[in-house]
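Engineer: Before anything else, here's the structure in question.
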Amino acid sequence: MKKSYFFALCLLVLWAVAAVPALSQGTKPGFYALKVFHLKDQSQEERLDQYLQNAYLPALHRAGVAKVGVFKPVAPTKATAADSAEKLVYVFIPFTAAEQFFKLDEKLAKDKQYATAGKDYLGAPFDKPLYSRFETTLIEAFAGMPGIFSPKLSSSPAERVYELRSYESASEKLHLNKVSMFNNGEIDIFKKLNFNAVFYGRVLAGDKMPNLIYMTSFENMAERDKKWKAFGQDPDWKTLSAKPEYANNMQHADIYLLHPTAYSDL
């Protein structure tokens with residue numbers, strides 16, 4: 000009896016030792032890339048949609064990248080007000096590790112299906128491009144939410160609202176303070192109020208720094224407005240935002256309201 004008990008205990012210890020590294024790896028913060036394409040007309044938008052749907056997303060899936068989000072603005076933003084003809088397309092790409100991001104181009108270059116399906120994009124002539132320009136932002140996930148969440152929304156893609164927010168701070172120290180505020184209370188409030196956050200992250204490289212960026216999701220605009228009103232009135236938020244250690248840690252916010260495309264994974 001004692002031998003059987005000792006053998007079972009040894010098996011349990013061995014399992015625990017093996018499981019700990021796997022569990023710790025699962026909690027390591029992931030990395031995200033946010034690509035924003037700037038387009039000049041409807042023709043570019045249609046061609047880019049064809050590329051993203053038929054070439055880029057399938058290639059990313061084959062490369063082990065899942066849940067790629069593709070979004071377009073609900074309405075013209077301040078950034079496009081000066082040029083109403085400009086169109087924007089947001090592509091959110093989640094990675095499990097930084098190496099996956101840095102080796103993506105190498106993998107795509109070896110993908111023959113991608114080369115064929117993406118021929119119009121990859122071989123676009125200088126006088127017939129698919130975009131005016133694009134920028135890429137590299138993001139590291141917050142410890143409080145190290146991976147993405149894929150919301151289960153029941154409304155049609157045209158009704159759904161994905162809200163992307165960028166919070167800039169006056170210094171790196173204040174930026175990290177705002178990140179700490181999220182990890183130590185703000186994320187919990189979003190969870191409590193069912194904001195269906197897709198991700199939270201700290202920008203490592205981009206055109207707006209120092210800043211953090213995150214995305215929440217809603218069935219429609221009415222639900223979005225209702226939940227933000229509840230957030231502003233929430234007693235936990237009032238207590239958290241009134242703490243002196245978090246004073247002045249956010250200087251400027253940019254808000255982008257987006258709809259997912261019909262072919263978006265999110």
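Residue numbering for the sequence shown follows numbering that gives the first Met the number 0, beginning at 0 and increasing consecutively.
All residues carry an ideal CB built from backbone N, CA and C; glycine is no exception.
With DSSP collapsed to three states, give me the class of E139.
Structural biologist: Looking at E139 - three-state DSSP - the assignment turns out to be strand.
Engineer: Is it the case that the Cβ atoms of H37 and Y130 are separated by a distance below 9 Å?
Structural biologist: The answer is yes: Cβ separation under 9 Å.
Engineer: Do the CB positions of A32 and T135 come within less than 9 Å of each other?
Structural biologist: In contact: A32 and T135 (Cβ atoms closer than 9 Å).
Engineer: State whether the stretch 157 to 175 contacts the stretch 246 to 258, with contact taken as three or more CB pairs (one from each stretch) at a distance under 8 Å.
Structural biologist: The stretch 157 to 175 is in contact with the stretch 246 to 258.
Engineer: Please go through the same chain and pick out, in chain order, the residues whose beta-carbon is closer than 6 Å to the beta-carbon of A123, but skip the five residues on each side of it.
Structural biologist: Excluding positions up to five away in sequence, the list reads L129.
Engineer: Are P259 and P156 close, meaning C-beta to C-beta below 9 Å?
Structural biologist: Yes, the Cβ-Cβ distance between P259 and P156 is below 9 Å.
Engineer: For M208, which residues in the same chain have their Cβ closer than 7 Å to its Cβ, ignoring the five residues on either side in sequence?
Structural biologist: The answer, listed in chain order, is V202.
Engineer: Candidates K71, F30, R61, A65: which alpha carbon is nearest L47's?
Structural biologist: It is K71 whose Cα lies nearest to the Cα of L47.
Engineer: Please list, in chain order, all residues of the same chain as L152 whose beta carbon is under 6 Å from its beta carbon, the five residues on each side excluded.
Structural biologist: The answer, listed in chain order, is R159, E218.
Engineer: Which stretch, first to last residue, makes up the beta strand (DSSP E) that contains D104?
Structural biologist: Counting along the chain, D104 falls outside any beta strand (DSSP E), though it belongs to the alpha helix (DSSP H) covering 103 to 108.
Engineer: Are any of the Cβ atoms in chain C nearer than 9 Å to that of M249?
Structural biologist: No chain C is present in this structure, which holds just one protein chain.
Engineer: In its own chain, which residues sit with a C-beta less than 8 Å from the C-beta of E44, not counting the 5 before and 5 after it?
Structural biologist: Counting only Cβ-Cβ distances below 8 Å, and skipping sequence neighbours, we find L38, K86, V88.
Engineer: Classify E185 as buried or exposed, calling it buried when 16 or more other Cβ atoms lie within 10 Å of its own Cβ.
Structural biologist: By the 10 Å Cβ count, E185 comes out buried.
Engineer: Drop a sphere of 10 angstroms on the beta-carbon of P243, count the other beta-carbons inside from all chains shown, and report buried for 16 or more, exposed for fewer.
Structural biologist: With fewer than 16 other Cβ atoms within 10 Å, it is exposed.
Engineer: Is it buried or exposed, R61, if we count other Cβ atoms within 10 angstroms and call 16 or more buried?
Structural biologist: Under this definition R61 is an exposed residue.
Engineer: So what does DSSP say about E162, is it helix, strand or coil?
Structural biologist: Looking at E162 - three-state DSSP - the assignment turns out to be strand.
Engineer: Taking the straight line between their C-alpha atoms, what separation do you get for G25 and G146?
Structural biologist: With a pLDDT of 45 at G25, under the threshold of 50, the modelled position of that residue is not reliable, and the figure given next carries that caveat. Those two C-alpha atoms are separated by around 9 Å.
Engineer: Looking only at C-alpha atoms, which of N183, Y120, M214 sits nearest to Y166?
Structural biologist: Among N183, Y120, M214, the Cα nearest to that of Y166 is on M214.
Engineer: Indicate the three-state DSSP secondary structure (helix, strand or coil) for F189 in the structure shown.
Structural biologist: Helix.
Engineer: Count the other CB atoms, across all protein chains shown, that sit within 10 Å of the CB of Y262; report buried if there are 16 or more and exposed otherwise.
Structural biologist: When all chains shown are included, Y262 counts as exposed.
Engineer: If you follow the beta strand (DSSP E) that D253 is in, where does it begin and where does it stop?
Structural biologist: It spans 251 to 259 - the beta strand (DSSP E) in which D253 sits, taken as one unbroken run.
Engineer: Leaving aside the five residues before and after D119 along the sequence, list all residues of the same chain whose C-beta is less than 8 Å from its C-beta, in chain order.
Structural biologist: Counting only Cβ-Cβ distances below 8 Å, and skipping sequence neighbours, we find R46, Q49, Y50, L129.
Engineer: In three-state DSSP terms, what is K2?
Structural biologist: Caution is warranted here: a pLDDT of 46 is assigned to K2, below 50, making its placement in the model unreliable, and the coordinate value is therefore given only provisionally. In this structure, K2 counts as helix in the three-state DSSP scheme.
Engineer: Nearest CA to the CA of Y199: which residue from A114, Q41, G143, P57?
Structural biologist: Ranking A114, Q41, G143, P57 by Cα distance to Y199 puts G143 first.
Engineer: Give the DSSP-derived three-state secondary structure of N247 in the structure shown.
Structural biologist: Note: N247 maps to coil in three-state DSSP.
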